[in-house]
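In what follows, a single structure is set out as structure tokens and then discussed.
Number of protein chains: 2
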Amino acid sequence: MIIDIHGHLSAPPELYAFRSTLLASRGFQIKGRPTIADARMQEETDAHLALLDGVGTDRQLISPRPYALMHDQKPTRIVDLWVGANNDAIAQACAQAPDRFSGVAGLPQNVEMNWTASLKELERCVVELGFVGCLINPDPAEGLGSPPTMGEEAWYPLYEKMCELDVPALVHPAGCQNEREAYGAHFITEESIAIHSLVNSDVFERFPELKIVIAHGGGSVPYQIGRWRASAVRMGADRDGFDNALRKLYFDTVLYSPESLEYLLRVVGPDRCMFGTELPGFGSYPDTATGRNFDDLKPVIEDIDWLGDEGRQQVFEGNARTVFTRLK
Amino acid sequence: MIIDIHGHLSAPPELYAFRSTLLASRGFQIKGRPTIADARMQEETDAHLALLDGVGTDRQLISPRPYALMHDQKPTRIVDLWVGANNDAIAQACAQAPDRFSGVAGLPQNVEMNWTASLKELERCVVELGFVGCLINPDPAEGLGSPPTMGEEAWYPLYEKMCELDVPALVHPAGCQNEREAYGAHFITEESIAIHSLVNSDVFERFPELKIVIAHGGGSVPYQIGRWRASAVRMGADRDGFDNALRKLYFDTVLYSPESLEYLLRVVGPDRCMFGTELPGFGSYPDTATGRNFDDLKPVIEDIDWLGDEGRQQVFEGNARTVFTRLK
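As structure tokens, then:
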């Protein structure tokens, strides 16, 4: 079975029109979240499933499109409404394809690190809607500030709730308002910052049940690993200190070149990697070198001989089942 | 011959005490730059050369220690004095070991992108002191702002002067004042931002003679290359559009794991890579897996069979001579 842990919602324009209205109105006279007609959502669901069928994906975990999450916006009420609307739409898609989709909740985060709305929304999504995980934006300031990094105490309330509900998180940055960096590049920056902060913290000692997956193959960290090995040795760790610390985390395979995907698997190990493609998304464009789209990663992993059947099973299904324990 | 294009000055505490004085005084009643006694500098030079001898490096290009460059500090006069003092000390070290060291100038950059002092200092270093290149900090705001990225017009005055003097630049970020990111991680972030900005600009059409080397193996970009290939295809380029654009740049080999160093060479090609170690520096700690220090990269490159004699010659010497044309 092939489980893709990194997918995003396909929704009709009605959903994104609501975001536009929220931004234009700042929430004034907005009473609640929109309803999307089932038939309209079904069109999106069918088109999305056809893509999954085309590449042989059996199940995909879907979350809101991160770059549009607008965690930096004020008042926070519009963020709450918007993220709730996304999660509603995900639940609707999951109900239309219960054997194919599982929900991963967006959280209405904010720069103040006030978790009240997020914890409530996470509980709603997991307990009422049957979601199996959540998305964490490590930078709710979206490139224009200095919010606490993921190893810091300000994050503990979320980790407590995640452990209580037994749900993992996919660390996936959202928008970027700093003109120096495109949002898709900011993802890589912030994933790297999140990894360093977590592995240099005592978060996993405080929350032994916490499960964190880093998107896009771990940002820059696996490639720059020699640097961090040396740095750990300088700080008194042994040679494998950084590698061992990295094994507290999981990584997805959303790397669209075969060479870097194999490199990731070698560096962090097949037991820490989960199949992810983000289909349809950033990689849904043709790679003439392979004759497939960049995000068609199943054949890439099948072609890595040294993985063996066991390694492939871990990446395609086993690790996802270990980590996303609520996955049926 | 082995040329290491990424080294930094080894100087006695007298130099760094001057920085401390500048910061404490903000330049008040500081008349000029300090003089370091030749004998004191000779001790540093001898110790540094012993390290180069130990790993078989024939010549090293040395620049100021980037993380201490303090480009964000005010008044700009203290930055001018400090960078000038560093370049003086580099000239002193080069005079003590003319067959081993070549100078790479630090520039007194500032967030306002006023280039007057930098252009004057670059000319002094190249014409009067015989330096062969310069260091560029792509983020003079040091993590707390939004200065123009390297593809933007604000950088053109520097590029003009570099072309006029026929000197390349090593893009090497400096300090980081944003607590979210250690300076050594900010290097990787900013190198990646610089690459994206340059390859998406017309800088190399405007300045066909411009030569830019990206430090630390290109930040995150080679590892995440599939992402940028897909993104380029989305924007209308062909499949190799991003790879071709990347070949406008050069990269050093300051990657302290053999796997990532080989990966870099495969992705960007041996004709775009230059031997660099930063010895002594971030990687000068023992790697028990190899029995050598992390930054002892000559044996790593020698062990890559597919490079062949031609590829190794390019990396160790040929590319450096092509790019750093003032190197005797």
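Protein sequences appear in the order of chains A and B.
Note that my numbering has the first sequence beginning at 1, numbered continuously upward.
Note that my numbering has the second sequence beginning at 329, numbered continuously upward.
Heads up, the beta-carbon is just placed ideally off N, CA and C, and yes, glycines get one too.
Given the structure is predicted, the values throughout are model-derived calculations rather than measurements.
Put simply, the CB of Leu-198/A is far from chain B, with every gap to its CB atoms at 8 angstroms or more. Contact between Asp-58/A and Met-1/A holds: CB atoms are separated by about 5 angstroms, below the 8 angstroms threshold. For Glu-509/B, the closest Cβ of chain A is nearer than 8 angstroms. Annotation for Phe-251/A: the continuous beta strand (DSSP E) segment containing it runs 250-252. In this structure, the CA atom of Glu-190/A is about 15 angstroms from the CA atom of Tyr-223/A. For chain A, the residues of the region 607-624 of chain B that bring a beta carbon within less than 9 angstroms of one of its beta carbons are Phe-610, Gly-611, Ser-612, Tyr-613, Pro-614, Asp-615, Thr-616, Ala-617, Asn-621, Phe-622, Asp-623, in chain order.
Per DSSP, Leu-498/B lies in no alpha helix (DSSP H) segment; the continuous beta strand (DSSP E) that holds it begins and ends at 497-499. Chain B has a Cβ within less than 8 angstroms of the Cβ of Gln-224/A. Assignment of Ser-588/B by DSSP, reduced to helix, strand and coil, places it in the helix class. Listed by position along chain A, the residues whose Cβ is nearer than 9 angstroms to that of Val-595/B are Ser-257, Glu-259, Ser-260. Bounds of the alpha helix (DSSP H) holding Asp-80/A are 76-96. Taking a C-beta distance under 8 angstroms as the contact criterion, Glu-449/B and Asn-414/B do not qualify as a contact pair.
Of all alpha-carbon atoms in Gly-431/B, Gly-412/B, Leu-447/B, the one lying nearest the alpha-carbon of Tyr-487/B is that of Leu-447/B. Under the Cβ distance rule, Thr-605/B does not count among the residues neighbouring chain A, no pair being separated by less than 8 angstroms. Rounded to the nearest angstrom, the gap between the Cα atoms of Leu-377/B and Ile-331/B is 13 angstroms. By the Cβ-count criterion, Pro-475/B is buried, with 16 or more other Cβ atoms from all chains shown falling within 10 Å of its own Cβ.
For Asp-303/A, no alpha helix (DSSP H) run applies, since DSSP gives it neither H nor E. For Tyr-591/B, the residues of chain A that pass the 8 angstroms Cβ criterion are Tyr-223, Glu-259, Ser-260, Tyr-263, in the order they occur in the chain. Here the alpha carbon of Gly-236/A sits roughly 13 angstroms from the alpha carbon of Thr-616/B. Taking the Cα positions, Arg-40/A is about 15 angstroms away from Phe-18/A.
Interface annotation, Gly-236/A: not in contact with chain B, CB-CB separation never under 8 angstroms. One thing to note: His-6/A has its Cβ within 8 angstroms of the Cβ of Gly-276/A. Neighbourhood of Thr-149/A in chain B, by CB distance below 9 angstroms: Glu-507, Arg-508, Glu-509, in chain order. What Ser-192/A touches in chain B, judged by beta-carbon distance under 8 angstroms, is Ala-513, Ile-516, Thr-517, Ser-548, going in chain order.
Pairing Val-499/B with Leu-574/B gives a Cβ-Cβ distance that is not under 8 angstroms. Secondary structure at Leu-389/B: strand, using DSSP grouped into helix, strand and coil. Neighbours of Val-561/B in chain A, taken as residues at a C-beta separation under 8 angstroms, are given in chain order as Tyr-285, Pro-286, Asp-287, Phe-294.
As summarised for the region 513-573 of chain B, the continuous beta strand (DSSP E) elements at least 3 residues long and confined to that stretch are 540-542, given in chain order. In the structure shown, His-48/A falls within a helical segment according to DSSP collapsed to helix, strand and coil.
In the three-state DSSP reduction, Phe-316/A falls in the helix class (H, G or I). Cβ contact annotation for Gly-283/A (same chain, cutoff 6 angstroms, sequence separation greater than five): Tyr-256, Phe-294, Asp-295, in chain order. Closest in alpha carbon position to Val-495/B, among Arg-452/B, Ile-358/B, Ala-513/B, is Arg-452/B.
Residues of the region 45-61 of chain A whose Cβ lies closer than 9 angstroms to any Cβ of chain B: none. In the DSSP annotation of this structure, Ala-352/B is not part of any beta strand (DSSP E); the continuous alpha helix (DSSP H) holding it starts and ends at 341-353. Chain A has no Cβ within less than 8 angstroms of the Cβ of Ser-338/B. Interface annotation for the region 355-373 of chain B against chain A: empty, criterion Cβ-Cβ distance under 8 angstroms.
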